[in-house]
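Chemist: Heads up: the sequence shown begins at 29 in this note's numbering, then just goes up one per residue.
We put the beta carbon where it would ideally sit given N, CA and C, even for glycine.
Since this is a predicted model, take the numbers as computed values, not measurements.
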Amino acid sequence: MYRMIPKVDELLKSDPLIPLKKEYPADLLHKEVCFVLEKIREKIQSGESAENISMAISNISSDLETRLKNKFRNRLKRVINGTGTVIHTNLGRSLVPQELSEKVSDILGTYSNLEYDLENGKRGSRYSHLEEILCDITGAEDAIVVNNNAAAVLLVLSTFAKGKEVIISRGELIEIGGSFRIPDVMEYGGCTLKEVGTTNKTHLKDYANAITEDTGAIMKVHTSNYRIFGFTEEVLASELRALATEHGIPLIEDLGSGILINLEEYGLTHEPTVQESIQNGIDVVTFSGDKLLGGPQAGIIVGKKDYIQKLKQNQLTRALRVDKITIKLLEEILKLYYHRDKVVKDVPTLHMLTLEKCEVRERAEKLKHRLESLGSLEITIEESYSEVGGGSLPTEKLPTYVLLIRHKDISEQALDRKMRSYIIPIVGRIHNGQYIIDPRTLLAGDDEVIYEAFSSLEEVK
Ligand SMILES: *Cc1c(COP(=O)(O)O)cnc(C)c1O
Numbered sequence: 029m030y031r032m033i034p035k036v037d038e039l040l041k042s043d044p045l046i047p048l049k050k051e052y053p054a055d056l057l058h059k060e061v062c063f064v065l066e067k068i069r070e071k072i073q074s075g076e077s078a079e080n081i082s083m084a085i086s087n088i089s090s091d092l093e094t095r096l097k098n099k100f101r102n103r104l105k106r107v108i109n110g111t112g113t114v115i116h117t118n119l120g121r122s123l124v125p126q127e128l129s130e131k132v133s134d135i136l137g138t139y140s141n142l143e144y145d146l147e148n149g150k151r152g153s154r155y156s157h158l159e160e161i162l163c164d165i166t167g168a169e170d171a172i173v174v175n176n177n178a179a180a181v182l183l184v185l186s187t188f189a190k191g192k193e194v195i196i197s198r199g200e201l202i203e204i205g206g207s208f209r210i211p212d213v214m215e216y217g218g219c220t221l222k223e224v225g226t227t228n229k230t231h232l233k234d235y236a237n238a239i240t241e242d243t244g245a246i247m248k249v250h251t252s253n254y255r256i257f258g259f260t261e262e263v264l265a266s267e268l269r270a271l272a273t274e275h276g277i278p279l280i281e282d283l284g285s286g287i288l289i290n291l292e293e294y295g296l297t298h299e300p301t302v303q304e305s306i307q308n309g310i311d312v313v314t315f316s317g318d319k320l321l322g323g324p325q326a327g328i329i330v331g332k333k334d335y336i337q338k339l340k341q342n343q344l345t346r347a348l349r350v351d352k353i354t355i356k357l358l359e360e361i362l363k364l365y366y367h368r369d370k371v372v373k374d375v376p377t378l379h380m381l382t383l384e385k386c387e388v389r390e391r392a393e394k395l396k397h398r399l400e401s402l403g404s405l406e407i408t409i410e411e412s413y414s415e416v417g418g419g420s421l422p423t424e425k426l427p428t429y430v431l432l433i434r435h436k437d438i439s440e441q442a443l444d445r446k447m448r449s450y451i452i453p454i455v456g457r458i459h460n461g462q463y464i465i466d467p468r469t470l471l472a473g474d475d476e477v478i479y480e481a482f483s484s485l486e487e488v489k
């Protein structure tokens, strides 16, 4: 049977491979040919029937085509978020408004003044493009942006407290998804963690008693992804301010979610804003660009000029620096924040979070109506809750309306699988044996794709 297997050279010269030779690089094709032939050899070895072997041999060119096509498939791609979780870490966290992609493509295929001072014709700084806007919006004196907030925290700790102690409340030793743990980051930053207080209560005197000549910083961490209720007490930043000043120690805060507007005005739980931290006298505040701010992945650091200057001089910034795409996207997103009255509509993350229940209901009705025209689906609309996600506002339940979708011949598990494998994958969720789509996180045009995905189920039958 081994003799039935064509030789590599002969196969490469054969007619069925001519179109593949035209389309794909020779070395890649050669490698795939060897792979496919090896698989056939293994089949013979494992004693498969002559019939199966000759079938495998006749399928060689179509197998090759499938494998090569697959090499060039779209790997990172658009999906439809039907989960209702707004800042969905696995689905890319925050969305940037579609209109902004044009501004980014403007500098993608061209040179830019990324690190060039056009006025003086000299080398400039990549951070200069964001400093003014960030200071205007947050009220800080200076700013720098790095790769993500984890990097921001690392940079701050390593700059101010390397070889020293950092005082932090036991109630704030958080772990964020993706195994970011404050105690571990301290270690990477070369600092010693000095825990004070207890899980539920920490007093000003706990901080005061912990200060020694080895203290590098006092740190506050916003417990963005959990809450402690009941007999609790934390020391406010404004109270720590005096203590830090008295001892000449930097007061730093990791805010995590980095909200720049007051969510209370939109009926949501109050989430501490960056502006508040600055007003409370925090020296250096770090937060994410792609959580509640609604921009690209970035770690934003704002605060007092002297401290931010120190961060800029740390060699570590070279390893943590942001790309021009991030800078451009952040610039454009931040400009939207100048329009206080419009920003909630213009930043998709904020828009989805503040959608009125009746607006979601309207969307749900529309989608239900569209899908029902397919006949094989049984759909009901039910009240439910959407989540904020991204480790932000963990206790917030956003009232919503979801579609419960049942297909007369397909189980909810199979339905879920089919939706995920559609050309534009649709990610819903399964709850109590039903397939669910929450319209809160759907974008314009998604309804149509969902309709097409469900109608493709009909064609298969
Ligand atoms: C999310 C979060 C981080 C990590 O931020 P990334 O931008 O994901 O790196 C750090 N600290 C807190 C408090 C957070 O909520």
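In terms of residue numbering, what span does the beta strand (DSSP E) encompassing R457 cover?
Modeler: Start and end: R457 to H459.
Chemist: Excluding the 5 residues preceding and the 5 following M380 in the sequence, name in chain order all residues of the same chain whose CB lies nearer than 7 angstroms to its CB.
Modeler: V114, R468 and T469.
Chemist: Residues in its own chain within less than 8 angstroms of P34 by CB, not counting five upstream and five downstream?
Modeler: S42, L65, I85 and I88
Chemist: Consider the C-beta atom of N141 and the heavy atoms of ligand 1; say whether any pair is separated by less than 7 angstroms.
Modeler: no
Chemist: Return helix, strand or coil for F188, following the three-state DSSP convention.
Modeler: DSSP places F188 in helix when its eight states are reduced to three.
Chemist: Measuring alpha carbon to alpha carbon, tell me which residue in R368, I165, I46 and L185 is nearest K294.
Modeler: In the sequence as presented, Lys is not what sits at residue 294; that position holds Tyr. The shortest C-alpha separation from Y294 is found at R368.
Chemist: Could you name each continuous beta strand (DSSP E) segment of 3 residues or more that falls completely within the segment 230-316, going from the start of the chain to the end?
Modeler: For the segment 230-316, whole beta strand (DSSP E) runs of length 3 or above, ordered along the chain, are 243-249, 279-284 and 312-316.
Chemist: Examine ligand 1 and report whether any of its heavy atoms sits within less than 7 angstroms of the Cβ of N253.
Modeler: yes
Chemist: Would you mind giving the Cβ-Cβ distance between S316 and G286, rounded to the nearest angstrom? I have them listed as a contact below 8 angstroms.
Modeler: 5 angstroms
Chemist: Under a three-way DSSP split, which group does D170 fall into?
Modeler: If DSSP states are grouped into helix, strand and coil, D170 belongs with the strands.
Chemist: Taking the straight line between their C-alpha atoms, what separation do you get for S449 and L123?
Modeler: Roughly 22 angstroms separates the two Cα atoms.
Chemist: Use the C-beta contact count for Y413: other C-beta atoms within 10 angstroms, 16 or more gives buried, fewer gives exposed.
Modeler: exposed
Chemist: Could you spell out where the beta strand (DSSP E) holding I407 opens and where it closes?
Modeler: Counted as a single uninterrupted DSSP element, the beta strand (DSSP E) harbouring I407 occupies residues L405 to S414.
Chemist: If you measure between the beta carbons of I172 and I329, is that distance less than 8 angstroms?
Modeler: yes
Chemist: Tell me whether P300 is buried or exposed, calling it buried when 16 or more other Cβ atoms sit within 10 Å of its Cβ.
Modeler: By the neighbour-count rule (16 or more Cβ atoms within 10 Å), P300 is buried.
Chemist: Whole-angstrom Cβ separation of V107 and L119, contact assumed at under 8 angstroms?
Modeler: The Cβ separation is near 6 angstroms, so the contact holds.
Chemist: Just the Cα atoms here: how many angstroms apart are L39 and K99?
Modeler: 20 angstroms
Chemist: Run the CB neighbour count on E281, radius 10 Å, all protein chains shown included, and call it buried at 16 or more, exposed below.
Modeler: buried
Chemist: Going by the beta-carbon positions, is the gap between I21 and V263 smaller than 8 angstroms?
Modeler: Only positions 29 to 489 of the chain appear in the structure, and residue 21 is not among them; the question remains open.
Chemist: Measure how close the beta-carbons of V312 and G331 come, nearest whole angstrom, since I'm counting them as under 8 angstroms.
Modeler: 4 angstroms
Chemist: Once you ignore the five residues that flank N342 on each side, which residues in its own chain have a CB closer than 8 angstroms to its CB?
Modeler: L183, S186 and T187
Chemist: Measure the CB-CB distance between L383 and F482 and report whether it falls below 8 angstroms.
Modeler: no
Chemist: Below 8 angstroms between beta carbons: does that hold for D234 and V224?
Modeler: Yes; because the gap between Cβ atoms is below 8 angstroms, this pair is in contact.
Chemist: Would you decide whether H435 is buried or exposed? Buried here means 16 or more other CB atoms lie within 10 Å of its CB.
Modeler: buried
Chemist: Consult DSSP for Y335 and reduce its assignment to one of helix, strand or coil.
Modeler: helix
Chemist: In three-state DSSP terms, what is K150?
Modeler: strand
Chemist: Measuring alpha carbon to alpha carbon, tell me which residue in T243, L201, N237 and L221 is nearest N228.
Modeler: L201
Chemist: Which of the three DSSP states, helix, strand or coil, is assigned to H435?
Modeler: strand
Chemist: Looking only at DSSP bridge pairs, what is T490 linked to?
Modeler: In this structure the chain extends from 29 to 489, so residue 490 is not present and cannot be described.
Chemist: Considering only residues of the segment 68-131, which uninterrupted alpha helix (DSSP H) runs meet the minimum length of 4 residues and lie entirely inside it, listed in chain order?
Modeler: 78-86 and 88-99
Chemist: Which residues in the same chain as D170 place their Cβ atom closer than 6 angstroms to its Cβ, once the five residues preceding and following it in sequence are excluded?
Modeler: Taking D170 as the centre and dropping the five residues before and after it, the same chain places the C-beta of K333 and I336 closer than 6 angstroms to its C-beta, in chain order.
Chemist: Pull up the distance between the alpha-carbon of K498 and that of G323, whole angstroms please.
Modeler: Because the chain in this structure spans residues 29 to 489, residue 498 falls outside the shown range and cannot be described.
Chemist: Quick one: Cα of V76 to Cα of P453, how far?
Modeler: The amino acid occupying residue 76 in the given sequence is Glu; Val does not appear at that position. Their Cα atoms are separated by approximately 37 angstroms.
Chemist: Taking contact to mean at least 3 C-beta pairs separated by less than 8 angstroms, is the segment 424-432 in contact with the segment 389-408?
Modeler: yes
Chemist: For the alpha helix (DSSP H) containing V350, name the first residue and the last one.
Modeler: Here V350 belongs to no alpha helix (DSSP H), and DSSP marks it neither H nor E.
Chemist: Helix, strand or coil: which one does DSSP assign to I33?
Modeler: coil
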